[in-house]
Every structure is written in structure tokens, then in C-alpha cells.
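Residue numbers (the numbering used here), protein chains in the order written: chain E, 1 to 360; chain R, 1 to 360; chain F, 1 to 360; chain A, 1 to 360.
Don't be surprised by glycine CBs; every beta carbon is placed ideally from N, CA and C.
Since the model is a prediction, treat every value here as computed from it, not as a measurement.
Reviewing the structure listed below.
Number of protein chains: 4
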Amino acid sequence: MSFNTFGKLFRFTTWGESHGPAIGCIIDGCPPLIQVKEQDIQKELDKRKPGQSKFTTQRKESDKVQILSGVFEGKTTGTPISLIIYNEDMRSKDYKNIKDKFRPGHADFTYFKKYGIRDYRGGGRSSARETAARVAAGAIAKKVLQKKLGKKFRISAAVTQLGILGCDTTKWNDKIIYKNPFFCPDNSMLKTWEKYLLSIRKAGSSCGAIIEVRAKGIPTGLGAPIYSKLDADIASAMMSINAVKGVNIGSGMNSAQLSGEENSDEISLNKKKLKFNSNNAGGILGGISSGQEIIVSFAVKPTSSILKSRKTINKFGKNTSISVRGRHDPCVGIRAVPIGEAMLSCVLLDHYLMNKAQCN
Amino acid sequence: MSFNTFGKLFRFTTWGESHGPAIGCIIDGCPPLIQVKEQDIQKELDKRKPGQSKFTTQRKESDKVQILSGVFEGKTTGTPISLIIYNEDMRSKDYKNIKDKFRPGHADFTYFKKYGIRDYRGGGRSSARETAARVAAGAIAKKVLQKKLGKKFRISAAVTQLGILGCDTTKWNDKIIYKNPFFCPDNSMLKTWEKYLLSIRKAGSSCGAIIEVRAKGIPTGLGAPIYSKLDADIASAMMSINAVKGVNIGSGMNSAQLSGEENSDEISLNKKKLKFNSNNAGGILGGISSGQEIIVSFAVKPTSSILKSRKTINKFGKNTSISVRGRHDPCVGIRAVPIGEAMLSCVLLDHYLMNKAQCN
Amino acid sequence: MSFNTFGKLFRFTTWGESHGPAIGCIIDGCPPLIQVKEQDIQKELDKRKPGQSKFTTQRKESDKVQILSGVFEGKTTGTPISLIIYNEDMRSKDYKNIKDKFRPGHADFTYFKKYGIRDYRGGGRSSARETAARVAAGAIAKKVLQKKLGKKFRISAAVTQLGILGCDTTKWNDKIIYKNPFFCPDNSMLKTWEKYLLSIRKAGSSCGAIIEVRAKGIPTGLGAPIYSKLDADIASAMMSINAVKGVNIGSGMNSAQLSGEENSDEISLNKKKLKFNSNNAGGILGGISSGQEIIVSFAVKPTSSILKSRKTINKFGKNTSISVRGRHDPCVGIRAVPIGEAMLSCVLLDHYLMNKAQCN
Amino acid sequence: MSFNTFGKLFRFTTWGESHGPAIGCIIDGCPPLIQVKEQDIQKELDKRKPGQSKFTTQRKESDKVQILSGVFEGKTTGTPISLIIYNEDMRSKDYKNIKDKFRPGHADFTYFKKYGIRDYRGGGRSSARETAARVAAGAIAKKVLQKKLGKKFRISAAVTQLGILGCDTTKWNDKIIYKNPFFCPDNSMLKTWEKYLLSIRKAGSSCGAIIEVRAKGIPTGLGAPIYSKLDADIASAMMSINAVKGVNIGSGMNSAQLSGEENSDEISLNKKKLKFNSNNAGGILGGISSGQEIIVSFAVKPTSSILKSRKTINKFGKNTSISVRGRHDPCVGIRAVPIGEAMLSCVLLDHYLMNKAQCN
């Protein structure tokens, strides 16, 4: 069971509401003797921190993380690591006027129907604020992978499609991603994307995005068929991110249109080095990593909280309309980039440990 | 942990290899007092049975299921239900010539690298034959859902894209799906698809497919945020099916291209009846069912075992080539239709039980 | 997997070290709409609080609990409940002189061997301080059970044997338990026990104890055969408490000496009321509650940290000796009383929810 | 969740009823490349086979096990191992006269109340027949442990108390255990026990027993605090065996009566060899193995199915009496010996794998 826990051997449990006193997570199953500093986690958190550009929510959160347990004299001890981030800029009053209304496209309606109660302030538990806790967990997963897999290991993520505009992924440049407000890997698209997103913001609308996550240096053999296939766990991880509606591994949905000979990645050996002629599989065959780069992408739907007026009902069963004025991202997809990176790190570490248990 | 087990409260564990003596599954957590006959399961199994048309593998399997436990005097007792299907038409010799080669696009290479050993006969455990066991489990899930949700509950699945050819899903007709060899829901496409698939078969090639699964009559409130969101569990379920590379909920990957106002499904009440103006969400908001129809689709890559010669290596580390002559489906996606139906049934029942535990 | 998580549907995860900044727990799967105040939890925590009598450790901890999430406007929301207790009286220097030595009978040696590192301050994670977090979780479980089972539900625990001295359990009086420093249910033994424990304390020694936990008003049908039998889960729960070495259900170890006719509890109906003539089964048959009172007992070994000098080795592999001067309970078993109560509450609620899911 | 599944990384799921067509189990998570033959499993099954002496049930079962999957060319492949044992001597008619009555001390009443239906033939799922499936799983766990831990590893179990008669465990002799009908390790007690058990059988009564299980050659570091402590998992494992009512680790319940200095096992080094001066801890400190011999004991209550007439009720709510004539063991505890051995093997392997994942 895993309502608020993710993972099997490397497990994290997140807690906290958007406008409660704090959010946080507990990491259980982390190997001991890994060097972890608050700064390692902070670095990752800063990537998804709100208020960094005009294209993300203006909520001001320093998102300072504290380690409360599990690290002793700078090293993990193998016991649970408790991380806490206090909430700061909680303008709960922004939500008073929508407390009885269900925002279309939001979890408001379903949370209320399921639990019979909901913390309406900022979406409560359903807020994307929860993802800060995952990014913190992912930062620790990354530290472990770096130690276990060495320098070959490399993970990165970027927005590869902003609304209707794609980018050229063959121009992928890790170094620019977190240096532009769209987390775009292709320098040549920055201007176009900026213009596009400004127009959307101005219109009080929003757009969706596609995020791609890539991991290099992953050993062959990670993945536990049949129901903990590496790709099945990745799909679950990505789909658990707020607003995600689709997940692709390698060629993904597009593989339906390929022929058998186009799709199957030919294998050859050149000077004892294994080579695949293509990577439609996204680095995963039969649910197990093949040693190729792991390639995952997922779609984030457009922000549902928009200025434009939308028809809805309230909790008293009356028809009404809503226009959300709070502080919102015109494209929530952008901040999903470090989250995708964190989730993939966690899944990979989890499978690394599982494989170590059963097969090495 | 769940290497070969799927589900949380309604759990099934599958076992068996393509060319071993039998395959089967154990269902644990099934509610008691549900009427189940072997015939109920057989009916579903017959849908994915090989050898039914020239478009599916010519392997002859009667796929007769036997109930070995958990049903007493025609009713489930709440104890584990053990189902067994003996393998019959096992031409293992077909595989002798490829026993040391890794078929590109197959799990051959990764299983061997992970475990250091593999049952090469027909793909062993990685064979799609395993899915018969899931269909059997799904048949029981369906019986339980029918009893618990009543007549409103309805689940169906179909191929909505065959290779490069789509169909018109507004013409969806449940009644024709299992009466045509492509499990197509749109009568108008049958001729075109037949011609297309014949040409692919003749060329010794294969094609992919997109399968869509729909469920009606699902109550509001199923889904357990954050990491057992209904959509996260569905994504994991579908991605665990052999050859699946992408999963969409509702508008799926396409939602990246929608604007906020196009995407968010407006809500209204008409004579006390709740109405959503659209269903981009695929019936799931914040990981919880909204009461709308659940809509899921997934892409199945083209069959990797093809006649056309492909470059590969063998287990001795030599370059070689391969051409697979066995009995294979030109489009494995077709037989994934009842599997998708089964997996969704299992996920829905699982969440129905979880919701019953926590919230009702 | 459950390194630091207990439970299946009602799950809590504890974290924190004896001398770190704080300890706490996350409760996941709690039903919504349960009224919970910090005071409800504090009341239970105060029972196990150190420093309340001369027979328990003199460490001063106010053990003030704070609710950080999952409760909104006084009611649970169905989302994770995060509880935190800050550590206060951390005299870490008390432990400097034993930081390299392994205390016999302690987890020092095994933690160091397993993890290659240990937080030696007060036992770190292996300290009984962790149990405060469980008591907090148990307080919430109790609130849920009270709402779900109504007034019939009653749980209580007591020390029934202090070292070599038993008490008369037929004189069990709930009201006096938390009013005497030994948490003894039998008024007639208080004087004798006081004299006995004073002599042990004076000698710089310690003694063990047996704790009995009883629960009334438990419905028939809780328990999930075979491997989540109610008694199997209770045994696991109790054995997970620090220093526990044995667990009995009903007649327990003593049942080996009974004859078949003495042991099997005869059943009869009197005016439509079911009656068992005895309760050797401790309220559990075939792993399922029978409707009788649940009776569990467990043995807590004597405190291993004693003044008397003991032979041991240090982490450099040298023979040495140790005498522990810190603040310790002469009988740790006493403070295990509220812990046993908390653990049984959690197991019962967990099975209540599981039974609701599968069978009601 | 684990209704009928035991274990975390090495998991087995059992299925089947006493008088159904077969029983069996699926083992998931077994490491690959372990040599396993049906004969390895059969050898263990033969130890608990009924009908081997006049002191065990006269039901005739050859209990022939078949491997249906997961083993290829004599070696495990890392995929699920399915084992089946067909039932043979099913005299269901023996149970007709008790089909509506609840046998006191049995699971009859609770199964019926929980599920609303029960397979009354021979106890159905609650029959001790289920334990054959565990013994089969344990046989495989033992093979893995033998390969991983080498020759130092040794596990054995025996009856150390038969009803009111103990034996001298310092005279423990592995070689005689399965050569006497009481699975007694002390040669000097055989005559006395025989006389005693004959008298009980003659009286139509039954007696309980205490079984002790010992494991040598277990490395330091197995066990996952806090809630998967090695002893907590052992307690759960043993308590899940039919008719078990108490579990001790090392000095167990008796440790309550020891003083701190008697109880804590002193440690010393002699020529670089670690030595504990005693083993009250039963080889486990803080939930982690210390490298000492693991010592576990558990009590099995007397057989509830006895000839002597007992008061009970039937399912129509009427008072009645019952006298069970079927084929029953005068002391079911005896056949629990190989079961205890199997369960401990499974727990140890499970923790061996968990430790490998997190700590090595």
C-alpha cells in the first residue's frame, strides 16, 4: 500500500498541505554512509522554487529544507531521513472566495466527494506544493546513485514542448536548461517561446508542456518483471505528478506508427563495445534496462486555475462560474522539470537496490 | 514489493513460462460470496486466444482454465483463487536456432544480462503468453465489479489505431469489437484495415497499435493520492503489458497542446444531474475518479519478431543477424485489447476496495 | 516493505533519533472526518513521558506534540497526518565515554556492524524514545476505533509481572493503572512491588516485566488469514517494541501444557447471546477475532544499561568493561504499557479497515 | 498487503484447501542460478507428511510436489517458481456430520462469521494442510541460504516440550530428530514421551507442544529496524502457523524474571574471535542478528479436534455438542517442527536479501 509513499526499497513518504504550517518527507531505506548536506538538497529545491521568473507563480517561498534525522556527522546512517520545509507566504485569504466552488480541471470536486472534507486553501494536499518534498527526496536519491554508479551516471530533464511549440531535441544542451525561464534545452527556441508564453499570460490563459527526462550510465539489468517493470514504475512515478496526463518511454505513443523493422533497435558489437543503432525502446526492453540511455517523456496539462471565467458548480449544488485570480503559473509544466528528474532518480535507485538484492 | 504481483487489496500473482508445462495465477483479496464459474473466465480468455484469425499467431492453444481453489459450491470464499492453464502447442524446436541470439527489440538480451540465465523457448517468462493469466484475473475482477456497481458498470476496449491508420472513435460500437479480427470499434474501417494488415503480413513486417479502454458507471472517489492515484496505477498497469510504450489518460499527450480553457472540463448541474461539458480529464481529477467515463489509451509497439533480417549479436559476443520464422502476430496490439480491459478492471476493483476501507 | 512503517491500511512511519533535533511520525490511511486535537494525542504521550517517578528515567521531556498536516478545522481530511515532538533534554555528553564501546544487551554492536556507522548518543535510532512516536499514532488509532466501534470498544494495558513478582489479574482495575508508578492493575501488590523495585534500583541492577493488553468490543471477523492473521500481526507489533523477547496470545506459551479439552473454549448460546466458557484463545481463532476479549501479553527484558560493570569490547576490537551511568529506568517494561496499548490499537484499526474492504 | 503472501523480497504465496483438488505456492523473488530439484523439496515435505506414525493423522498423502515454472535446466531463472501438490486422500464424507457445527477451538466459527461462507471439508483453507506449501517454499529458501552462506549455515528444529513433559535441550542431537516419531532432540526422553502420548491418544484427548528452531552461521547485520526487525518478522512467521499461541526469542517470556546482569550477554574477544558469554538474546539485538545462534521457540496448542464431547453451537444458532472422529494428530505440534524450520529459513533469506540491498 502506498497512498503517500513512493518506492519499494528506497521509499519516501510525503506529507503536508499547501497552506499548512509545513510540508516534508521521510526517506526510508537509504543506504548508510552516503554524504548528504542540506545544501545538496537545497540546490535541487531551488530549481523548482516559485517566484523565480514572471512565468512561474509569484508566491514567495524560500523553501529552506532542514534535515531532522537520519544523517549523523554528515553521513546517512541507514535510518529514516526526515526533511521539513516550513511554509511561508501563505495568503490563505486569496482562497476565501473560491472555498465553496469547485475549480474545473482541479481536484477540488473529487477530493470533496471522496473525503467529505477538503482543505480548500491553495488546493491543500492536491497542490503542486507537495512536489517540493519529492524533489528533496530525489536529491538524496541522486547522491546515492552518484556514489554507486560513479561518474558515468548523468540525469537531466527539460521542457521539449511548450504548448503548441516543440524544440529540437538534437540540440539538447544540459548547461542552458536551468538558465532560461522555460527550462528549454534548445537555445534557438528561447525567443519564440518567450513571445508565445507572454501572449498566453496576457490573455489570462495557460498552456501545457511536454517534459523529457534522460538518464545515462544506467547499468543493464534494472527492472523487475512483470509488475515492477522499470517502465511500469516510471509510468506510475510520472503519472503521479500533478497535472500529468500521458507518459512515453522512448518512442512512446509514436511507436504505434512504426514498422517492426523501424522500431526494433538493432544491436552490434564494435571493438567489444555494445552498440544499439537506435533507441526507440528508450533504454528498456522487457521492463529491464538495456544499458542504453533511459528516455522518458510526459505531458503536463495546462494550468487549470486561469483568469478566464469558467462554468462550474459549488458545494451546495448550484451552478456558478469561476475566475481564479491567485498567483499561478501560466505553464505549470515548466516547474515539473526538476520533479521529473527527481522521480526518475528515485525509481532508478529503487531498482538498483532491488537488482542488488536479487541478482548480484 | 510486487515482482509478479499486481494490486494492493485485490491482488493477483502470475507465474509460468511460454513453453513450460503451464501458466496460471493466484488471486488474493477477492471478496467472498461472488458467483464465479470457470466459464466466466473462459469467455474472457477466448477473446485473446491465439489462432483465431490469420492476423494472430497460429499457435494453437485451447487455453482451458481450471479453478483449483477459493471457490466453493460456485461462490468465492474469500480465500486465494488459484487458476491454471496448461500449455499445449509448445513447438520448442522452433526456438533452437535462436537460442543463443538476442532478438532486437526483445527482452532476450536484458533477461540474460539481468539473471545470467534465460528460458529462450518462446521468450520464456517475457512471452505475451503471461497475459492470459491476467485476463483470467480480470474476468474475476469484472464479476466482482458487476456485483458491487450494478448494471451501470460497463467496460470495453478496442483498437483505435492500427499502424498508421486511425478510426473514428465517435462511431464506437461495443457489439462489433470482438466480431472482427482487428478488435476495431468502427465498422467503416474494417475493409481498409484488412487490406493494410495483409500487406504488412505479406511484407514479413509488423505494425503497432493504439488501444483504448473505457469504463462507465464508476463512482466518484476512487483513487488514493498521491502515489496510488487512480491514473498512476492505471499507467503502471498498462505499461506492464508486453510491448506497451506509452499511456494516455483522457487527452493524454495531446493535452500539452491545449489551452487552459479548452482543457478544463466545465461542470454544471441540470435537473440535479451533474454534467461535465467535455472529458479531457478521462474521468480522473487529482488522481480520483470524477464519475465521468474513465478513458485510457496505450500504444503497443510493432511485433519485434519479424521475418525481415535484422542485425544483432549472440551470447558469445559475436555479430550476427536474425530472421524470426516462428508463429507471430503481424500486430500484437490486437490481442492487447482484452488485456487492457482486464487490467483496468483490476485497477478499478482495487481502488473500489481501498476507497471502501478508508472513506465509506 | 516496512523498515520504519507499521501497518497496511492504517500505516504510520516513525523517524528520529534519541538526541537529534526531533522525533515524529506520519500517519497515512487515516479515515477522514475524525475529530482529532493535539490534546487527544498529548494525553496518551503523557502516560509514557519520562521523569514522572523515581522508577523511570530522569530525562526531562515535556514531549509536546504538534500536528503539522492532515487535520483541518479539527477533523482529519484523509491525507497524511504529520506529528512532531521536539527533543529537549539532550545531554549528549553523558554518552561521550561510551561512544566507542558496545553496551552488552544493546543494539550498539549490531547497528554498527550492519550500517558501519551509528549515532551513539542515547542509542540513536535504537533508543526507546522512538516509541513516543508510536504512542502518538496509537492515540489517533484509538480515536478512530472509538468512532467506528462505539462505546463497547475499550482497550487497556498494565504490568502484570514485575521481575519475579506477578499480580492477581482477576483484580484488574483499569482506574488505578496510570495512577501508580508501576502501571499495575492490582491494588494489593503496590507496596510489595515498590519495595522490590527500590531494592533493584539501589543495587544498580534492573528487572524485566510482563505487560498485558486487553481489548473489548472488537467485532467478529477481524484478521486476514494466512499471513496477516490478527495474532501474527499483533506478535509482530509487540515484538517490534524495544526489549520485547516474547509474545503470548491468550494462554500463550502455557497452552502447550493444556489438554485439548481444557484448551478449546466451549461455545454456547444463552438467550441469543453467544458465550464462550473460557478464553484460552485470547479472542482469536484461525487468525480471526471471535468477538471475545482480545488478550495479549509480552515480556520486556531487564534494562541493559546498568550501573554494574559488564565485560564488553570496543569498536577497535579491544576487550574492556562498561558501567552505564546515564538516566535509565530500573524497569523499562513499565513504560511499555502505553506502547502496548498503542500498538494493539493500531493493529485492530488496520484489520478493521481491511475487513471493511474485503468482507462488508 | 499480504493475506496469503509471506515475505518482502523472497515472497511466497500459498493457495488451496484441505479437500480441494490441490494446494500449492508461488515463490517470487528467488535469486537466479540456484540448483533446485523436485527432490530437494520432496525431502522436506516428507518430514511433515501425514501418516508416518501412529502419533500423526492417518490421512494418506504422498504429497508429491511438482515444479511448474521458474526452474530451467535445473536452475532457478529469477522468475516465479510455481509448486503444486495434488490432494489425494480426501474423505470429504468424514466432515458431513460436522458441516453445520462450529468445532470449539477451531477457525470454523470465525471463518463463517467473517466470510459468510466456509469450505467445511477438513477445515478448508484453515486446515494445517496449507503448511505443506510453506514447507515447500522453505526448502527452496534453504537451498539459497546454503549457497549464499556456505557450510557454516545450519538450521534445525525439534519438539522440546510435549504437553507437560520437557526435555534436556543441552542433549540436542540433530541426527535423531527426524528418526523418532516425536521429533525430539533428546534421546533420553523418547520412552517417557511415547508412554505419555499413547495415554493421551487412548483417552481421546490431545496435548500441546513447544518447538524450538535454531540457526547457525547467520551473519551479523540481518534485520531491518524498526518494524521489520528480525525478531518481529520471526514472531509474525511463527504466529502464522496454525495453532501457535506464543513465540519466544532466546530467553523469551522468561527474560521478564532475569536481572539486568543475568540477561545482558557479555561480549569478549579471544584471539580475534568474538565471543558472547551467554545467549539470552537468541542471537538478535535491536532487531538485528548479532552473529550468535538464532534461537526461537513457539507453543502449539493441543489439537482442538478431539473425541471427547464438547459443547458448541451450530450455524442455525442452536446449542449442540460435538465429538470429532476424523483422522487427527493427538499432538499437532509434532508436525510443526519442519514448518518452523521452513518459516525461519524464509525469514532469514528475506533479511539476507534486504541487507544485501541496503547495506552491502
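Contacts between F/G78 and chain R, judged by CB atoms closer than 7 Å, involve Q358 and C359 in chain order.
Using a CB distance cut-off of 8 Å, F/E17 counts as an interface residue toward chain E. Secondary structure at E/S297: strand, using DSSP grouped into helix, strand and coil. Contact note: A/P32 reaches chain E through Q358 and C359, using a C-beta cutoff of 9 Å and chain order.
Taking C-beta atoms as the reference points, E/K143 and A/A357 fail to come closer than 8 Å. Between F/G252 and F/S297 the beta-carbon gap is near 7 Å, inside 8 Å, which marks them as a contact. Residue state for E/A203 is assigned as coil, using DSSP reduced to three classes. Contact between the segment 195-213 of chain A and the segment 256-264 of chain F is present: three or more C-beta pairs spanning the two stretches fall below 8 Å. The C-beta of F/I164 comes closer than 8 Å to at least one C-beta of chain A. Close to chain R, meaning a Cβ-Cβ distance shorter than 7 Å, are the following residues of the segment 96-121 of chain E: F102, P104, G105, H106, A107, F109, T110, Y111, K113, K114 and Y115.
Using a C-beta cut-off of 8 Å, the segment 27-46 of chain E makes no contact with the segment 316-334 of chain A, since fewer than three inter-stretch Cβ pairs fall below that distance.
In the structure shown, R/Y86 adopts extended strand secondary structure according to DSSP, grouped into three states. Per the coordinates, the alpha-carbon of A/G150 lies some 13 Å from the alpha-carbon of A/Y352. Residues of chain A with a Cβ closer than 8 Å to the Cβ of R/N4 are, in chain order, I26, D28, T79 and P80. The beta carbon of R/Y227 falls within 8 Å of a beta carbon belonging to chain E, placing the residue at that interface. In this structure, R/I155 lies away from R/E293, with their beta-carbon atoms at least 8 Å apart. Nearest in C-alpha terms to A/D119, of all of R/E130, R/T77, R/P104 and R/A232, is R/T77.
R/I210 is bridged by DSSP to R/Q161 and R/A299. Contact between F/T14 and F/R129 does not hold, since their C-beta atoms are separated by about 10 Å, which reaches or exceeds 8 Å. Short of 8 Å from the beta carbon of F/K75, and not among the five residues preceding or following it, lie these beta carbons of its own chain, in chain order: P32, L33, I34, Q35 and V36. Ranked by Cα distance from R/P225, the first of F/K54, F/G70 and F/T5 is F/G70. Taking CB atoms only, R/L349 has no neighbour in chain A less than 8 Å away.
One alpha carbon belongs to F/A136, the other to A/Y178, and they sit about 48 Å apart. At least one beta carbon of chain F lies nearer than 8 Å to the beta carbon of E/T13. E/F153 and F/L68 have their alpha carbons spaced roughly 37 Å apart. For E/D108, the enclosing alpha helix (DSSP H) begins and ends at D108 to Y115. Look at A/G70: its C-beta is not under 8 Å from any C-beta on chain F. Sixteen is the threshold: when 16 or more other Cβ atoms of the shown chains lie within 10 Å of the Cβ of F/T220, as they do, the residue is buried. Contacts with chain A at 8 Å (Cβ-Cβ) include E/L353.
In the structure shown, F/K142 falls within a helical segment according to DSSP collapsed to helix, strand and coil. Nearest in C-alpha terms to R/H328, of all of R/Y95, R/I164, R/N187 and R/D168, is R/Y95. The C-beta of E/L9 comes closer than 8 Å to at least one C-beta of chain A.
Residues are counted here when their Cβ sits less than 9 Å from a Cβ of chain F; for the segment 249-275 of chain A these are I249, G250, S251, G252, M253, N254, S255, A256, Q257, L258, S259, G260, E261, E262, N263, S264, D265, E266, I267, S268, L269, N270, K272 and L274, given in chain order. Looking at the DSSP output, A/Q39 bridges to nothing. Under DSSP, F/Q66 shares a beta bridge with F/I84.
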